[in-house]
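Chains as they are written, first to last, in our numbering: chain A, 143 to 853; chain B, 3 to 328.
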Ligand SMILES: Cc1cc2nc3c(=O)[nH]c(=O)nc-3n(C[C@H](O)[C@H](O)[C@H](O)COP(=O)(O)OP(=O)(O)OC[C@H]3O[C@@H](n4cnc5c(N)ncnc54)[C@H](O)[C@@H]3O)c2cc1C
C-alpha cells in the first residue's frame, strides 16, 4: 500500500489527548449530565432471592411516597413492543418486567420514578416483594461436570488429541479465574427523552451509538432514524457498554409512559449485576514437549459460567490454537449455566482468561525443562498462523521479547525460585505473552475543510477512553499537513456518518482508515482545484478563497481490502514483571513492569502509551486482587462495592514502561496500525503469577494472588 | 434514605440533650454514619452535627497528650507533637482509609466506627449485630476478614480501625461526658467483645459522648512500628495489623506494648506477649516466641485460617521493624 509512512514515535512524542483539557477541567459533558428540562429520576429495585418467582408485589407505600410519579413492575409495566414477538431462539437476553420469573439475585423487579433521585431511591426501599423460592446454583467450581458445549461449538482438534501425554516432558495443571467486574469509573447511565410518539433522543453511556440506536429501535419498533443516540464522552467501559442493557430499556419505557425525560444511573452495586462481567472460568492445561523444548501437544480445556437465560461464549481456549507452532492441539470449551446474570466481553475477552492457562502453563513447562521461559517461546515461535497456515501480515514478536527482556533486566533473573532477596523481600521475574486478532471494519468519515484552513472530522464512533479523537487528529494532521490545533473532531452521535462500536481493538484501524481515506480524497480535490501537483505554494485556505468556496467537504466510506484476507492478522504483546514478595506476610508488590506491544505503526504515541499502561493495571488487578465473591448459600454477592472489591490503586502501581516495536503492518490499513486495547491486558496476570513463582517457588493457580495464598 | 432533621450543636451540653432523645445520632465527619444511612442500616430521625464544637485541639498535658474528638485523622497524623511523642499513632492513622477520608474522619468517629462485615452491611443477610436474633451470616459464610480472637456464637465480626489499635497499645484513655459529668475509661476497656450482645460495640452509653483521648507519655517513640497487611498497598482494611511500641535500652526490652487489628471485635492487646518480652533481648527468636504466646486461644473459620499463620508472622515482622532489626 502506498500510504504507509514511516512514523517516528516514542512514548513522549506526539499529541496530547485532544479532549484532555476538557476532561480534567470538568467541561467534558458525560451522559448523566444532560439535565434536560423536566427531568425525572428512575431507580431500580432488585430481587433479594436468586431463583424462583414473584408471588406478590406491594408497591403502595412506594407509590404514595413523596415525589413518586410511578412504580413499574411486571404487573403494570407497559409492554415493550419488541418483546411481544415469540422469541426466535430458545435462549436470549433477559427481558425486564416481562414476567414473574427470577433468574439471578439483584435482577430488577421494579422501577421507581420520582421528581428527585433521592426520593426515587427512598421509595425503592419501600417496595415489598414476596417470592416463591426455587433451588439454585451459583458456584461454577462445583458444577463443572454440568458443562455443555455451546451451540454451534465444536471441540477443536489438530493432529492427535491429548498428544501432550505422550511427550517426554509434560505438565498438566488446573487454573481458576474468578469473576472480574469491569467497574469503569463512570456508572452506566441513560437519559431518555421522547420527542413525540415515535421519536426519541437518548444520552447514553455506550460503546456504540449505532448499536444502541438499533437495540432501542427494535425493542420499541421504531425507525432507527427516529432514535437519536448521543454519547460524546464515555468514562471507561472495557466491554460493559457494548450492548444495550435492561436498565436502558426500562428508562426508555418509563419516559414514554410518563411523557417526561427519565434519567437512570446505576448504583455501584448494580454495576455488578446489570452490565455483565468477565465470567468465572475453570481451565485445564496440558503441555508436552521434547527435551529441547519443542512442543509436542497442547490440550486446553475451559468451563466458563453463563446465565440460565442466555449463553455467553468467549474464545477462552482459542489462544492455544493460535499462539505457538505445535503439531497437535486440541481444545474443549464448555458452558455452565448458573443462577447469575449474563457475562459480557471484558477487555481481552476470552484471550485474557485463556492466556492465564497457556502462559502459566508455558512457564511451568519451562521449569520442567529447566529452560528459560523466553527461549521456550522462541523455540516454538509460529512463523505462520498455526490454525490456517496463512502468512502473517506482520509479526515482530521476537523483537518484542528482546525489547522487554532488556528493559526489565531479565538477565538478573535467577531461574531457581526463591533464591534472590532485596531488603528482606523475595525477588521474582516473570513474563507472559498476549495476542489478539487485528481487525478492520467499515466506517464513514466526513472531512470538511473550511475557508480559514481548519479541518472538521465527523463520525458516529464513541471514544471510551483510548483517545480515538486524538488518533483521528494525528492521522488527519499527517495526511493533510494541517496542524493538529486546526483540526476538530466530532464523535459520539448517531446522526453523524456511521462507524462501528468501540470494541475488539478495531477502532483506530477502522475509523483511522476512513479518516486517512477522506483526507486523501480531500487533498485530491484540492489538487484538482489548484491545478498543480501539490497545490503549488498556495495554502488550502488560499485555494478555497481563490474559488470562492466557503468549504470543501467529502464523505468517504472505507473498508478492508480483499487482499487482506490472504493474511493472518494479529497484534502481540509481551508483559514482563518484576515482583517483590514478603517471605512471611505474603504481600506482593509489583516493583517494575514492562509491556511491549507489537501492533504495527503507533499513530498516537501518548494515548497508545496510556492504553498499554491502563491495560497493564487492569491485568494487575486480575492477577493480584480482583474477585467478585458470591455467598453460594444465598447466591448473593458479598463484596459489590469499591471498599471490598479491590482494584489497583496508585500505591500498587510502580513506574510502568510501555514499549512499542512500531513497525508498520503493510496490509491491514493505510496507517499500518493494528489494535492494542486488548493485548494491553492479555498476558499480564500470567506474567505476575510466573514472577511470584520465581520469587517464592509457590505456584498460585487460582487467582487473585492475595497474601493468604502465599504464606 | 429516610428524610431526617439536622441541627448544629453549640455545646457538649446541647449534644447530650439532643442524644437523650431516641432516634438522634451524632454526626462528625460522616464518613461512616452516612454510609450506614445510605445502606439502610440505620434511619435516624435527627442528626446533631458536632463539627462546630471547640474539640479539635491537640495539647500537651502534665503527663501526656490530649487530642480532641474533632481533631481530623489527617491533622493528627501530621501533628508535630504526635510525631514527636506518639509516632505509632501517626503511622496507624496513615495506614487507614485514604487521604480524602482522613481529611473528613475525626478521632471520635474513628473510635465509634462499626464493623465492615459484609453481612452487617447487607440488610438482606442475617446479622445479629444489625438485627439481634437473625443469626450470623459470616459464621458459615465468607469469613475471610473475620475474627480469630474473642468471637462469640453470635458474632465473629472485627473492629476495622487502625487508629484504635495504636491507641490500645499506647494505654490511651477515652474522655467521656454524660449526664453525670466527665469520666475516663481505659482505651482497652472501651470496646467490647460480642458475647451475647453483638449489637453493642463498646461501653459508651447511648446518652454519652466522647470529648477526646489522652495518651500518657512513654518511651516508645524511637521504637514504634505499625504493620498493616492487606490485599492492596493502600485503601484496604487490614487482614491483620500490628502496633508495636518498645522501650529499648541497648539490646534489652524494658517494656513492650503490642496490639493487633483485624483479629477481634475490639483492638486486641497482646498482654501475654508484652509480659514475655519485658526484660528480654530484642532478637528474632524472642519475637517469634512472643508471637506464639500471642496466638493462644486463636480460633479460625473456613476462610480465615490463614490468619493463624499470618498474625504471628506479622507480630514478628512488626517487632523486628520496631527494634531496628530490619
Ligand atoms: C472506603 C472506606 C475505607 C476505610 N478504610 C479504613 C481503614 O483502612 N482503616 C480505618 O481505620 N478506617 C477506615 N475507614 C473508616 C474511617 O476511618 C471512618 O469512617 C472514620 O474514622 C469515621 O469518622 P467520622 O468522623 O467520619 O465519623 P462519623 O461517620 O461522623 O461517625 C461515626 C460514628 O461515630 C459517632 N460519633 C462521632 N463522634 C462522636 C463523639 N464525639 N461521641 C460519640 N459518638 C460519636 C457517630 O454518631 C457515628 O455513630 C474507611 C472508611 C471508608 C468509607
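Note that beta-carbon positions come from the ideal geometry of N, C-alpha and C, so glycine has one too.
Note that the structure is a prediction, hence the values are computed from the model and not measured.
Residue i, DSSP secondary structure in three states
i             : result
residue 472/A : strand
residue 552/A : helix
residue 249/B : strand
residue 322/B : helix
residue 153/A : For residue 153/A, the predicted model reports a pLDDT of 38, less than 50, meaning its position is unreliable and no value from the coordinates is stated.
residue 305/B : coil
residue 702/A : coil
residue 166/B : helix
residue 434/A : coil
residue 207/B : coil
residue 224/A : helix
residue 831/A : helix
residue 226/B : strand
residue 14/B  : helix
Beta carbon of residue i nearer than 7 Å to that of residue j
i             : j             : result
residue 406/A : residue 332/A : yes
residue 861/A : residue 817/A : Outside the displayed range of chain A (143 to 853) lies residue 861/A, so it cannot be described from this structure.
residue 238/A : residue 355/A : no
residue 414/A : residue 782/A : yes
residue 170/B : residue 104/B : no
residue 373/A : residue 343/A : no
residue 396/A : residue 255/A : yes
residue 906/A : residue 550/A : As displayed, chain A neither begins before 143 nor continues past 853, which places residue 906/A out of reach and without an answer.
residue 306/A : residue 435/A : no
First through last residue of the beta strand (DSSP E) which encompasses residue i
i             : result
residue 137/A : The displayed coordinates of chain A run from 143 to 853. Any statement about residue 137/A would go beyond what the structure contains.
residue 575/A : 567-579
residue 370/A : 369-372
residue 9/B   : 7-10
residue 587/A : 585-592
Residue i: first and last residue of the uninterrupted alpha helix (DSSP H) it sits in
i             : result
residue 844/A : Residue 844/A -> no alpha helix (DSSP H), and no H or E assigned at all.
residue 747/A : 747-766
residue 911/A : Because chain A here runs from 143 to 853, residue 911/A falls outside it and cannot be looked at.
residue 659/A : 649-672
residue 615/A : 610-622
residue 265/A : 259-266
residue 249/A : Residue 249/A -> no alpha helix (DSSP H), and no H or E assigned at all.
residue 39/B  : 35-40
Contact list for residue i against chain A, beta-carbon separation under 9 Å
i           : result
residue 7/B : Those do not exist, as residue 7/B stays about 15 Å from chain A at its closest Cβ, beyond 9 Å.
Any non-hydrogen atom of ligand 1 closer than 6 Å to residue i Cβ
i             : result
residue 163/B : yes
residue 212/B : yes
residue 108/B : yes
residue 69/B  : no
residue 117/B : no
residue 347/B : Nothing in the structure corresponds to residue 347/B, since chain B is present only between 3 and 328.
residue 35/B  : yes
residue 199/A : no
residue 59/B  : no
residue 74/B  : no
residue 316/B : no
Within chain B, partners of residue i - CB distance below 7 Å
i             : result
residue 773/A : 143 and 144
residue 190/A : 126
Within chain B, partners of residue i - CB distance below 9 Å
i             : result
residue 778/A : 124, 126 and 127
residue 794/A : 234, 235 and 236
residue 781/A : 120 and 144
Chain A contact residues for residue i, given Cβ-Cβ distances below 8 Å
i             : result
residue 3/B   : 260, 263 and 264
residue 311/B : 853
Amino acids of chain A, ordered along the chain, whose beta-carbon sits closer than 7 Å to that of residue i
i             : result
residue 319/B : 726 and 727
residue 308/B : 850 and 853
Contact list for residue i against chain B, beta-carbon separation under 8 Å
i             : result
residue 334/A : Result: empty, since nearest Cβ-Cβ is about 25 Å, beyond 8 Å.
(Q) By the 9 Å beta-carbon criterion, what residues does the stretch 400-421 of chain A contribute toward chain D? (A) Absent from the structure: chain D. Protein chains present are A and B.
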